[in-house]
Amino acid sequence: MALQSEYPGADGLAIFDAWSEGVDTYDARAVRDTWKSFNPGRVTLGTLWHEAKARGFKGAAPSPEAAAETERKKRERDQRRAADEAQYRARADKAQRDAGAMWADALPMPPDGITTYPQRKGVGSHGLRYLADGVALVPVRNAVGELVNLQRITPTKPTADEERRGVREKRFLPGGRKSGCWHLIGDAVGASVLVFAEGYSTGASVHEATGLPVVVAFDAGNLRPVAQAVAVLYPAARLLFAGDDDRETEARTGTNAGRIKATAAARALGGLAVFPEGLPEAVGSDFNDLAAHAGADAVRAVVERAAGELLAGAVQATAQRAKRADRQPGQAPQADAAAPADGEVPPSPKEPRSGPPDAAPALLDRFTINDDGVFFTEHDQDGRARAPMWVCSYLVVTARTRDGDGDGWGYFLEFDDPSGKPRTWAMPARMLASDGAEYRAVLLSMGLRIASGTKARSLLTLYLQTRQPAEIAMCVDRIGWHGRAFVLPRETLQRAPEEGEDAPDRIVYQTDGPTENPFRVRGSLAGWRDNVATLCVGNSRLLFAVSSAFAAFLLRASGLNNGGFDLYGPSSCGKTTVVEVAVSVNGDPKCMQQWRQTDNHLESVAALHCDALLILDELAQMDKKTVGTVLYMLANGVGKGRATRGGQARARLTWILLFLSTSEIPVATTMAEAGQRIHAGQELRMVDIPAEVAPGTAFNTTHDFDGGAVFSLHLAKVCRSYHGTAGRAFLAWLVEHVDELRDRTREAVER
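Here you go:
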C-alpha cells in the first residue's frame, strides 16, 4: 500500500483513519485491523498519484491560502533539511580529518606485550594499524579510496558491568561516515568472486581460509549499500555474502538480522548468501566462530562450495541470455533521464546502443549506453532504480591497449564529435590518475560532451575503468612499420588475412592527446596524378623530391641508414614549391614542418614521420650552433636519453626516415658561419643538392605556364586540392606485399 510505504507508523494510521471516517460504515477497530494487514510494498504516494492522473483523476485546485501555507511549509522543510545536511557534513568532515590524523600517528604493528583484537580472534592483521594501548584501527574507506572513518576495537571485550556504563568493544569516530563505506581484505582486481562480511574478524577468517577478497561492511545493515557501491567498481565479479546467523538473537527477539540482511542484499544484487554450517548455537554465529570451533577447513568447505554454485549460476545465466539473444534481440526498458549536474538538460535515454563486439558481460553494470550518451543509474536504499544520470555523449571502449612489453596500458575510445564525425583515441591509462582533468580536456577538445559537476566527472572515470572489452590491441608511440602493419596517426594499414589465417592483432598509435596528422587525404588519386604528377615530368628536382617521398617507405626494408638531402638555392627560385609537391604525396602541404623548432620538439616530429619523408623548410631559421647536433640526431634515429621522476631511464623515441630540407646556402657554409666545421659523418648523412637547374629557377620546364612564378603558384594550388592519396595507395600495395618487400627492395638496391 502506497500510504504505508510512506508513513509506516502511527502517522500513516491516523491519515488512513481520517480518510475512512467519511463512510457511513466506519468502524475504528476494523480500520486498525485493515491497516495492520497492509504490506508496504514498493509503490509510493508519488507513483499512486501519477497512476491516478493517468486514469483521469483530477484533484481539486487548492485555495490560495492553502497553496501559500503549503509553500511555507515546504520552505521550512527545505531549510531544516539543508541545515541538517550541513551539520551532518560538518561532523563527517571533522571525523574524516580526525581519522586521517589518528591513522598517520598509529603503529603499523601491534605493540609488544598486548593481545590485540585480531590476536584474540585468531586472525591476522590485514591493513590495520594500532594505538599504543593496543586498540586496533580498521580503516573505513569510500568508493574512491578516501579514509573517511576508523573503527576502533579494544584488545579485551568489555565486561557486562562496563557495557552497562557505556563501554563498547567497537566504536567509530563520532559523526563519521559509514554507510556505503568498507574495508577491503585482499586484492579485488580481476577477482571472479567478491565476499562480503559484517565484521573484520569474519572477513579475515574467510579470506585466510579461501584466499578470496573480502569486503568488510561493519554491520548487517551496511551490506547492501556497500555491495551496491562495490558492484560498480568490479562489475564482472560475482557477489557472495558471508552472513551472520543470529539464531540466539532470533530466539530472544524473533528477528535474525544477520540472515535477513545478507539474504536481502544477495537478492537485490543478484548474488548468493551463505551462512556457517555445523556451528552450535551456543558457540557463536559467524564464520570466525566456525573457524575457532571447527578450523579453517570448515570455513573453506562452506564458502568455496557456495562460490562454485555462484559461478555455475553465472555461466548458466550467460548461456540463457545468449539463447534469448539468438531467438530475439533484447530491448532495454525505457527510463526517464535525470538532468546532469549544474542543470544541464540531457536527452532522454533510448534503447541501449551496442557496445564493443565480444565484450565480457558486465554483471551489475550501472552504466547504459545509447545514441544520446552514457547514463548512470543509482539505486536508493530499498534497491529501487533512480532516474538515469547523463554522464557524457556516446563513448565506448572497444579495446584495452598495451605495448609490446606488456606495459603502457590504455583504452581505445570511440565516439562522435558534435558534427557526427567518428573520432578515436588510444588513451593511456595513466591519465586516469589524479583528478582526470588532463584526459577530460583532451576529450572535450576532440568534441565529446561531458556533464559538468564533480560527481559526473568521477562517474566518467569510473565508467572508463570498469569497461572490459574482449579485444586487447598493441599500442605504439610512433608511426611507421610495426611488423606487417603500417601505423598512421588515425588508422593502421594491415594485410587482410588469407583463408585459414588468424586475423592479426590490432595496432594503434597511443598518445597523450590528439597529435598533428601529416597524412591527411584530399581529392582522388587520379586527380593527384593528372594535376600534380604530370607536371613533374621533365623536372628533375620535382621528380627527385616526389621519389624521395615514396622511397622513405622502403628505407627499413632496404637495411640502409637514415639520411637526408638539402636543396639549397636563392630565394624565389622555387625550392619551397618543390618540397610542397613532395609533401603532397603523403598529406597536406600546410602540415610541412619548419626548421624553426627546438631539438626536443624535433624528436617528436621525427617519430611522427617514422618510415616516411620528413620535410623541413628554411634551415636558416634554426640556431646555426645546433645544426650539426640535430643532423646527427635525425640520422642516428634515436632521441635524447631522459630519466623519470624516480631516476629510471625513460624509453627513448626512435625513428627510421629520410629527410628533405631547404636552405639558401649549403649546410657546411651554415655551420661555418657559426664557427663550426662539418664532419665527414655529417656530410654523409646530409647531401647538398643545388635547387637551381638554371640561374633563378628550380624547374627544367614550366610546361604551358607563363614562367616559373606562375607555374609555382599553380603547383601550390593543386597540391592543396589533391594530396595524400598517392602515398596511401603505395602503402596499401606495400602492406599487401610485405612478405616479399625486404628481398625485392634489397635486390633493387644492389642493382
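My numbering puts the first residue of the sequence shown at 2, with every later residue one more than the last.
Don't be surprised by glycine CBs; every beta carbon is placed ideally from N, CA and C.
Annotation: the continuous alpha helix (DSSP H) that includes Glu163 extends over 161-165. The Cβ atoms of Ala228 and Val275 do not sit closer than 7 Å to each other. The three-state secondary structure of Cys476, taken from DSSP, is strand. Looking at the DSSP output, Gly411 shares a beta bridge with Thr402, Pro429. A straight-line Cα-Cα distance of about 38 Å links Ala400 and Val139. The Cβ atoms of Asn143 and Lys179 do not sit closer than 7 Å to each other. Look at Asp134 here: in three-state DSSP terms it is coil, with no helix or strand label. For Pro226, the uninterrupted alpha helix (DSSP H) run begins and ends at 224-234, by DSSP. The shortest C-alpha to C-alpha distance from Arg479 to any of Leu396, Glu604, Phe377 is the one to Glu604.
In the structure shown, His680 falls within a coil segment according to DSSP collapsed to helix, strand and coil. Bridge partners of Asp290 according to DSSP: none are assigned. Excluding five sequence positions before and after Glu415, the CB atoms of its chain that fall closer than 6 Å to its own CB belong to Val397, Thr399, Thr425, given in chain order.
As computed with DSSP, Trp183 is found in a beta bridge with Arg142. In this structure the region 453-465 does not touch the region 473-492; the number of beta carbon pairs closer than 8 Å is below three.
Residue ranges of uninterrupted alpha helix (DSSP H) with 4 or more members, entirely inside the region 571-642 and ordered along the chain, are 576-584, 600-609, 628-637.
Every unbroken stretch of the beta strand (DSSP E) spanning 3 or more residues and falling wholly within the region 194-281 is given here in chain order: 194-198, 215-217, 239-243, 273-275. With 16 or more neighbouring CB atoms inside 10 Å of its own CB, Asp247 falls in the buried class.
DSSP, read as helix, strand or coil, puts Arg721 in helix. Within the same chain, and ignoring the five residues on either side of Ala552 in sequence, the residues whose Cβ sits closer than 7 Å to its Cβ are Leu659.
According to DSSP, Arg523 shares a beta bridge with His724. When C-alpha distances from Phe545 are compared across Ala189, Ala699, Ala710, Gly200, the shortest belongs to Ala699. Leu544 is bridged by DSSP to nothing; it lacks a bridge partner. DSSP lists Asp417 as the bridge partner or partners of Pro423. Note that the C-beta distance between Tyr569 and Pro667 is below 7 Å.
Apart from the 5 residues on each side of it in sequence, Asn540 sits with its Cβ closer than 7 Å to the Cβ of Phe700, Asn701, Thr702 in its chain, given in chain order. Shown here, Trp656 sits in coil according to DSSP, grouped into three states, outside any helix or strand.
Phe197 places its beta carbon less than 7 Å from that of Ala218.
Rounded to whole angstroms, Ser572 and Gly676 show a C-alpha spacing of 24 Å. Leu661 is bridged by DSSP to Phe566, Ile616. According to DSSP, residue pairing for Lys171 in a beta bridge involves Ile154. Inter-residue distance for Thr577 and Cys537 is about 15 Å (C-alpha atoms, whole angstroms). Met447 sits away from Tyr440, with the two beta carbons spaced by 7 Å or more.
Linking Val639 to Ala269 through their CA atoms gives a straight-line distance of about 57 Å. Counting only residues of its own chain and dropping the five nearest sequence neighbours on each side, Gly176 has a CB closer than 7 Å to the CB of Arg92, Ala93, Lys95, Ala96. For a cut-off of 8 Å, the C-beta gap from Val488 to Ile508 is around 6 Å, short enough to register as a contact. Closest in C-alpha terms to Thr378, from the list Ala232, Thr493, Leu445, comes Ala232.
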